[in-house]
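Structure first, then comments.
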Amino acid sequence: MTNLQGCTLAQRTPERVAHRRADKIRKRKVLETSNPSIEVDADGNMVAEFSLRCESGTYVKETVHGDSGRTQPSIASLIKAKCTVEWLDVADIHAD
Numbered sequence: 349m350t351n352l353q354g355c356t357l358a359q360r361t362p363e364r365v366a367h368r369r370a371d372k373i374r375k376r377k378v379l380e381t382s383n384p385s386i387e388v389d390a391d392g393n394m395v396a397e398f399s400l401r402c403e404s405g406t407y408v409k410e411t412v413h414g415d416s417g418r419t420q421p422s423i424a425s426l427i428k429a430k431c432t433v434e435w436l437d438v439a440d441i442h443a444d
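Residues 349 to 444 (this note's numbering) make up the sequence shown, in order.
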């Protein structure tokens, strides 16, 4: 996750909103990342909890799972594994 800090993402309009948004590539920057807390659940799946601070307009879920390659880089592409978002909290909105 720390590999994304300072990285500029290329995010093509996500599949989940493509029916209502223009299909284009948006550049968004990951400003800060936290070190992940990683556990293994009862089914043997790795579960990670971490924080990202991103520019306004960043598709955060797609930053995690990659949206079939539509977001580059993504956490999934960096660790070369399938990732899903179990939950997402917006912790703060910054004016800067």
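All C-beta atoms, glycine included, are put in the ideal place defined by N, C-alpha and C.
For residue i, the three-state DSSP class (helix, strand or coil)
i: V438; result: coil
i: R368; result: coil
i: A424; result: helix
i: T350; result: helix
Assigned exposure category for residue i - 16 Cβ within 10 Å defines buried
i: K376; result: A small fix is needed here, since residue 376 is Arg in this sequence, not Lys. R376 should be labelled buried.
i: G354; result: exposed
i: S422; result: buried
i: L436; result: exposed
i: T361; result: buried
i: A439; result: exposed
i: A424; result: buried
From the options, residue whose alpha carbon lies closest to that of residue i
i: D371; options: A396, H442, A358, V378; result: A358
i: C402; options: C431, H367, E387, T411; result: T411
i: S380; options: A424, A396, N393, T356; result: Per the sequence shown, the amino acid found at residue 380 is Glu instead of Ser. When each option's Cα is compared against that of E380, the closest is T356.
i: T406; options: A366, D437, W435, V378; result: V378
i: S399; options: K430, H413, V408; result: V408
Cβ shell of residue i (< 8 Å), same chain only, five flanking positions each side left out
i: E363; result: D415, S416, R418
i: E434; result: V395
Cβ neighbours of residue i in the same chain (closer than 7 Å, five flanking residues each side left out)
i: E341; result: With the chain represented from 349 up to 444, any question about residue 341 goes unanswered, as that position is not in the structure.
Contacts around residue i, its chain only, beta-carbon distance under 6 Å, and the 5 residues preceding and following it disregarded
i: T350; result: T381
i: E397; result: S385
task: Could I get the ranges of all uninterrupted beta strand (DSSP E) runs contained in the region 390-416, with 3 residues as the minimum, in chain order?
output: 394-397, 400-402
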